[in-house]
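Reviewing the structure listed below.
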(Lines of atoms letter the chains of each structure in order from A; the text may use other names.)
(Lines give C-alpha, C1' and ligand atoms only; values in the text may rest on other atoms or scores of the structure.)
Protein backbone atom coordinates (compact mmCIF):
# COMPACT_ATOMS: atom_id res chain seq x y z
CA UNK A 1 0.00 0.00 0.00
CA UNK A 2 1.25 3.44 -0.80
CA UNK A 3 1.48 6.31 1.65
CA UNK A 4 -1.22 8.97 1.37
CA UNK A 5 1.05 11.78 2.46
CA UNK A 6 -0.45 14.85 4.09
CA UNK A 7 -4.15 14.92 3.27
CA UNK A 8 -6.67 16.92 5.25
CA UNK A 9 -9.80 14.87 5.86
CA UNK A 10 -12.92 16.95 6.45
CA UNK A 11 -16.52 16.22 7.24
CA UNK A 12 -18.34 15.26 4.04
CA UNK A 13 -15.35 13.58 2.37
CA UNK A 14 -15.69 10.00 1.17
CA UNK A 15 -12.95 7.63 2.35
CA UNK A 16 -11.91 4.10 1.45
CA UNK A 17 -11.34 2.29 4.74
CA UNK A 18 -9.29 -0.86 5.26
CA UNK A 19 -11.52 -3.66 6.54
CA UNK A 20 -10.63 -5.29 9.85
CA UNK A 21 -9.36 -8.88 9.71
CA UNK A 22 -10.62 -10.67 6.61
CA UNK A 23 -13.21 -7.98 5.82
CA UNK A 24 -12.94 -6.21 2.49
CA UNK A 25 -12.28 -2.46 2.27
CA UNK A 26 -15.40 -0.29 2.28
CA UNK A 27 -16.47 3.23 1.33
CA UNK A 28 -17.74 5.60 4.00
CA UNK A 29 -18.62 9.27 4.38
CA UNK A 30 -16.92 11.22 7.15
CA UNK A 31 -19.48 12.76 9.49
CA UNK A 32 -17.09 14.17 12.09
CA UNK A 33 -14.09 13.50 14.27
CA UNK A 34 -13.77 12.58 17.91
CA UNK A 35 -10.72 11.80 20.06
CA UNK A 36 -8.37 11.67 17.08
CA UNK A 37 -10.56 9.25 15.11
CA UNK A 38 -12.96 9.72 12.23
CA UNK A 39 -16.66 9.15 12.74
CA UNK A 40 -17.94 7.58 9.52
CA UNK A 41 -21.18 6.38 8.00
CA UNK A 42 -20.71 3.36 5.74
CA UNK A 43 -22.10 3.52 2.21
CA UNK A 44 -23.63 0.04 2.53
CA UNK A 45 -25.56 0.98 5.68
CA UNK A 46 -23.73 -1.36 8.05
CA UNK A 47 -22.62 -0.16 11.47
CA UNK A 48 -19.11 1.29 11.69
CA UNK A 49 -17.11 2.33 14.70
CA UNK A 50 -14.57 5.15 14.81
CA UNK A 51 -11.82 4.84 12.19
CA UNK A 52 -8.14 5.62 12.80
CA UNK A 53 -6.36 7.65 10.13
CA UNK A 54 -3.93 4.76 9.52
CA UNK A 55 -6.90 2.65 8.33
CA UNK A 56 -7.86 5.16 5.63
CA UNK A 57 -6.55 3.97 2.27
CA UNK A 58 -7.81 6.80 0.04
CA UNK A 59 -9.70 10.10 0.41
CA UNK A 60 -12.15 11.34 -2.23
CA UNK A 61 -12.89 15.06 -2.17
CA UNK A 62 -16.00 16.63 -3.74
CA UNK A 63 -15.12 18.08 -7.14
CA UNK A 64 -18.00 20.53 -7.41
CA UNK A 65 -19.77 21.56 -10.57
CA UNK A 66 -17.77 21.42 -13.79
CA UNK A 67 -16.58 24.76 -15.07
CA UNK A 68 -16.66 25.85 -18.69
CA UNK A 69 -13.05 27.00 -18.44
CA UNK A 70 -11.87 27.39 -22.00
CA UNK A 71 -14.45 25.18 -23.69
CA UNK A 72 -16.25 26.70 -26.63
CA UNK A 73 -20.04 26.51 -26.55
CA UNK A 74 -21.52 23.96 -28.92
CA UNK A 75 -22.91 25.38 -32.11
CA UNK A 76 -26.59 25.09 -32.91
CA UNK A 77 -27.41 22.55 -35.55
CA UNK A 78 -29.94 23.12 -38.25
CA UNK A 79 -32.56 20.48 -38.79
CA UNK A 80 -31.87 18.25 -41.77
CA UNK A 81 -34.21 16.09 -43.82
CA UNK A 82 -33.28 13.13 -41.67
CA UNK A 83 -34.27 14.96 -38.49
CA UNK A 84 -37.75 16.00 -39.69
CA UNK A 85 -40.68 14.05 -38.36
CA UNK A 86 -43.06 12.56 -40.86
CA UNK A 87 -46.66 12.94 -39.77
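In this note's numbering, the protein residues as written are 1 to 87.
A virtual CB, placed ideally from N, CA and C, is assigned to each residue, including glycine.
Computed from a predicted model, the values in this text were never measured in an experiment.
For residue i, the three-state DSSP class (helix, strand or coil)
i: residue 37; result: strand
Where the beta strand (DSSP E) containing residue i begins and where it ends
i: residue 57; result: 56 to 60
Buried or exposed (CB count within 10 angstroms, at least 16 for buried), residue i
i: residue 35; result: exposed
i: residue 11; result: exposed
i: residue 23; result: exposed
i: residue 43; result: exposed
Residues bridged to residue i (per DSSP)
i: residue 14; result: 29, 60
i: residue 42; result: 28
i: residue 51; result: 38
Under 7 Å between C-beta atoms of residue i and residue j
i: residue 7; j: residue 39; result: no
i: residue 15; j: residue 28; result: yes
Any C-beta of chain D under 7 Å from that of residue i
i: residue 30; result: In the structure shown, chain D does not exist; there is a single protein chain.
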